[in-house]
Amino acid sequence: MSNGQKLLVSMTKPPSHLEASHPVSVGQTRAWQQEYKDGFYGDQDYPGKYVVNVQIHGDAAIMGQGVSQETTLMSHLPHFNIGGAIHLIVNNQLGFTTPWHCSRGTRYCSDIAKVISAPVLHVNGECPEE
């Protein structure tokens, strides 16, 4: 980094069930926060000053079997709160063999974020400048 400090990046190995990486990543973040005295483990009122959770998903991994929805809903509970997570979702339609309108009740796989009123930005990968 420009100030001479190091940036540690930790990656979760992809499991056979892709949606399982969501709670595992959140648990790893919580453990790192405890290690670095971030948030509730330190003197801050809110976690996320030193440790931030960033996840990269395909559409099937975020809308899979409900594990991501459960993890997202638990994010506001005191002992599950990690200060939020940044999710980069590639809606590549590879994980599902059915059209989007037959595979879920919402238009976008990112609509899971609506349950906690999280902001969502949509970008067209074919024309990102638009």
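Per the working numbering, residue 2 is the first one in the sequence shown, and the count goes up by one each step. Note that the Cβ used here is the ideal one computed from N, Cα and C, for glycine as well.
- prompt: Using DSSP with H/G/I as helix, E/B as strand and the rest coil, what is A32?
  reply: helix
query: Is it a yes or a no for the stretch 28–35 touching the stretch 62–69, going by three-plus beta-carbon pairs under 8 Å?
result: no
- prompt: What is the rounded straight-line gap between the Cα of G59 and the Cα of H23?
  reply: In this structure, the CA atom of G59 is about 12 Å from the CA atom of H23.
task: Please go through the same chain and pick out, in chain order, the residues whose beta-carbon is closer than 6 Å to the beta-carbon of I87, but skip the five residues on each side of it.
output: So the list reads V55, once near-sequence residues are dropped.
- request: Would you mind sorting S3 into buried or exposed? The rule is 16 or more other CB atoms within 10 Å of its CB.
  value: S3 counts as exposed, since fewer than 16 other C-beta atoms from the protein chains shown sit within 10 angstroms of its C-beta.
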